[in-house]
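Below is one structure; the comments refer to it alone.
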Amino acid sequence: MEKLNTYRAGPDAEGRFGKFGGRFVAETLTPLVLDLAKEYEAAKKDKSFQEELDYYLKHYVGRPSPLYYAERLTDYVRDRAGKGKGAKIYFKRDELNHTGAHKINNCMGQILLARRMGKTRIIAETGAGQHGVASATVCARFGLPCVVYMGATDVERQKPNVFRMKLLGAEVRPVTSGRATLKDAMNEALRDWVTNVEDTFYIIGTAAGPHPYPMLVRDFQSVIGKESKEQMQEAEGRLPDVIMACIGGGSNAIGLFHPYLDDLDVEIIGVEAGGLGLETGEHAASLTGGRPGVLHGNRTYLLQDDDGQIKEAHSISAGLDYPGIGPEHAWLYETGRVSYVSATDKEALEMFQLCAKLEGIIPALEPAHALARAVEKAGEMSRDQILLMNMCGRGDKDVFSVMEMLEG
Ligand SMILES: *Cc1c(COP(=O)(O)O)cnc(C)c1O
Numbered sequence: 016m017e018k019l020n021t022y023r024a025g026p027d028a029e030g031r032f033g034k035f036g037g038r039f040v041a042e043t044l045t046p047l048v049l050d051l052a053k054e055y056e057a058a059k060k061d062k063s064f065q066e067e068l069d070y071y072l073k074h075y076v077g078r079p080s081p082l083y084y085a086e087r088l089t090d091y092v093r094d095r096a097g098k099g100k101g102a103k104i105y106f107k108r109d110e111l112n113h114t115g116a117h118k119i120n121n122c123m124g125q126i127l128l129a130r131r132m133g134k135t136r137i138i139a140e141t142g143a144g145q146h147g148v149a150s151a152t153v154c155a156r157f158g159l160p161c162v163v164y165m166g167a168t169d170v171e172r173q174k175p176n177v178f179r180m181k182l183l184g185a186e187v188r189p190v191t192s193g194r195a196t197l198k199d200a201m202n203e204a205l206r207d208w209v210t211n212v213e214d215t216f217y218i219i220g221t222a223a224g225p226h227p228y229p230m231l232v233r234d235f236q237s238v239i240g241k242e243s244k245e246q247m248q249e250a251e252g253r254l255p256d257v258i259m260a261c262i263g264g265g266s267n268a269i270g271l272f273h274p275y276l277d278d279l280d281v282e283i284i285g286v287e288a289g290g291l292g293l294e295t296g297e298h299a300a301s302l303t304g305g306r307p308g309v310l311h312g313n314r315t316y317l318l319q320d321d322d323g324q325i326k327e328a329h330s331i332s333a334g335l336d337y338p339g340i341g342p343e344h345a346w347l348y349e350t351g352r353v354s355y356v357s358a359t360d361k362e363a364l365e366m367f368q369l370c371a372k373l374e375g376i377i378p379a380l381e382p383a384h385a386l387a388r389a390v391e392k393a394g395e396m397s398r399d400q401i402l403l404m405n406m407c408g409r410g411d412k413d414v415f416s417v418m419e420m421l422e423g
């Protein structure tokens with residue numbers, strides 16, 4: 016690990032985390048992202064902005080989310096581990112948020128910023144539909160029109176979320192360019208933004224995109240890590256030894272990790288989607304299976320073929336199959352401060368069932384990936400150690416597809 020005085024200083028004024036991140040956008044978009052960066056800096060310094068955000072996080076989203084000792088899962092690990100082994104496993108319960116995942120933390124922050132900037136129209140991109148639903152939700156709450164770009168393939172695959180968005184008053188625009196999935200929806204949203212500069216705010220759903228998005232999404236999601244530090248002190252009188260989270264674009268993970276980056280005694284592990292196995296090429300592990308390139312306005316690790324074409328990601332969990340990863344993770348990976356591993360579709364499916372049976376908590380398939388590596392890691396740690404995992408979403412959205420997989 017590269018020893019730095021702090022791992023929390025980034026990004027620089029150009030939005031760079033080391034050689035990652037930045038602002039790779041068309042000339043027409045440059046004034047928009049510069050303006051957004053300026054407005055966000057002002058909002059950050061304004062106490063009334065933070066107070067307003069705190070109010071809605073508490074009364075609308077349901078924060079703080081509980082910190083929960085997963086006692087039966089811990090016992091399960093201890094029964095199988097060697098003598099004296101088996102760390103205590105805690106969950107940060109972000110699956111209990113309104114709309115069922117961490118995404119609303121970010122959407123709430125961004126819509127309050129949009130209102131502050133006097134914007135009257137919201138656009139968003141979505142893959143599985145979770146970010147689209149969270150965006151449509153905050154737009155309903157504040158009475159703003161919402162257009163959600165969604166790949167036509169995903170519109171077909173994710174019908175319940177398309178219906179939810181419509182119910183919430185949003186317009187879902189199917190995107191047919193490219194492979195008609197998340198990557199293409201994001202390109203289309205960026206295009207819309209350029210043509211509707213005056214009144215439109217673009218809510219990006221993960222810690223990616225051009226600067227300042229990776230930073231502001233991280234800041235809004237950092238409520239997860241901040242709360243967990245206080246709650247850990249209360250529960251155990253100290254910080255955990257290991258913290259873990261799953262990674263699609265990396266927003267829930269950076270939200271948990273960032274407040275801990277300078278606590279060097281805390282080991283930090285991100286879990287990417289290993290799909291059918293890294294060796295098959297059918298996965299969504301951008302760090303462990305990709306290489307650096309530029310996509311959606313920033314330099315980061317991407318899944319690409321030999322010609323540099325972006326490859327389609329594969330995962331059992333629609334929320335993890337983004338072919339890139341937020342640039343701060345790319346930097347943390349190269350510095351060695353955070354380690355990145357992966358879990359397969361099959362492992363996630365097993366954990367989905369195990370967690371339901373042992374804890375009465377049906378996890379989303381995304382955190383079920385983190386759980387696979389967390390259970391393994393806890394088994395290698397000693398009994399007086401503590402592992403904290405972010406339970407970033409609930410599995411209600413996944414029960415029908417899992418039922419089809421298990422019962423044919
Ligand atoms: C969208 C989603 C993810 C992936 O997004 P990140 O930006 O990596 O957090 C993970 N878990 C759940 C439950 C999601 O809805």
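First residue of the sequence shown: 16, per our numbering; consecutive thereafter.
C-beta: ideal position from N, C-alpha, C; glycine also.
Query	Result
Whole-number beta carbon distance between T315 and P274, since they are thought to touch under 8 Å	The pair is not a contact, with the Cβ atoms about 22 Å apart (cut-off 8 Å).
Nearest-angstrom beta carbon gap, R131 and A58 [assumed within contact, 8 Å]	6 Å
Residue-level contact to chain B via CB, I137, 8 Å cutoff	Judged by its chain identifiers, the structure shown contains no chain B, having just a single protein chain.
Three-state secondary structure assigned by DSSP to C154	helix
At least three beta-carbon pairs within less than 8 Å, the region 286 to 299 to the region 330 to 339	yes
DSSP state of N313 mapped onto helix, strand, coil	strand
Start-end ranges of the beta strand (DSSP E) lying completely within the region 266 to 313, minimum 3 residues	282 to 290 and 306 to 310
heavy atom of ligand 1 below 7 Å from Q145 C-beta	yes
Enclosing alpha helix (DSSP H) for M247 [first to last residue]	V238 to E251
Any non-hydrogen atom of ligand 1 within 7 Å of I219 CB	no
Short Cβ contact (8 Å threshold) for E242 with S80	yes
Buried or exposed by the 16-neighbour rule on C-beta atoms within 10 Å, applied to F178	exposed
E381 Cβ short of 7 Å to ligand 1 heavy atom set	yes
The region 384 to 401 contacting the region 249 to 263, beta-carbon criterion three pairs below 8 Å	yes
Segment limits, beta strand (DSSP E) that includes M259	V257 to I262
G289 CB to nearest heavy atom of ligand 1 below 7 Å	no
Reference P225; option with closest CA among F32, E66 and R23	F32
Ligand 1 heavy atom lying under 7 Å from the CB of K335	Per the sequence shown, residue 335 should be read as Leu rather than Lys. Result yes, Cβ under 7 Å from ligand 1.
CB contact flag (I401, E282, <8 Å)	no
Per-residue burial, Y143 [other beta carbons within 10 Å of its own, 16 or more giving buried]	A small fix is needed here, since residue 143 is Ala in this sequence, not Tyr. Counting Cβ neighbours within 10 Å, A143 comes out buried, since at least 16 surround it.
For L183, three-class secondary structure by DSSP	coil
Residue interval of the beta strand (DSSP E) (run including F106)	K103 to K107
Local Cβ density within 10 Å of D280, reported as buried at 16 or more and exposed below that	exposed
First through last residue of the alpha helix (DSSP H) which encompasses F415	V414 to E422
CB contact flag (P229, N313, <8 Å)	yes
Length of the line joining the Cα atoms of L291 and E381	15 Å
Assigned secondary structure, E42 (DSSP; H/G/I helix, E/B strand, else coil)	coil
Counted within 10 angstroms of its Cβ, other Cβ atoms place N405 as buried (16 or more) or exposed	buried
Touch test, the region 58 to 76 against the region 37 to 48, Cβ-Cβ under 8 Å, three pairs minimum	no
A222 beta carbon near ligand 1 (any heavy atom closer than 7 Å)	yes
Which of helix, strand or coil DSSP assigns to I219	coil
Any non-hydrogen atom of ligand 1 within 7 Å of I262 CB	yes
Neighbourhood of I377 by C-beta distance below 6 Å, restricted to the same chain and skipping five residues each side	A371 and G410
Close beta carbons around M165, own chain, < 8 Å, minus the five adjacent residues each side	E140, T141, G142, G144, G147, Q173, V177, V187, R188, P189, V190 and A200
K198: CB within 7 Å of a non-hydrogen atom of ligand 1	no
C-alpha distance - T114 paired with D50, whole-angstrom precision	30 Å
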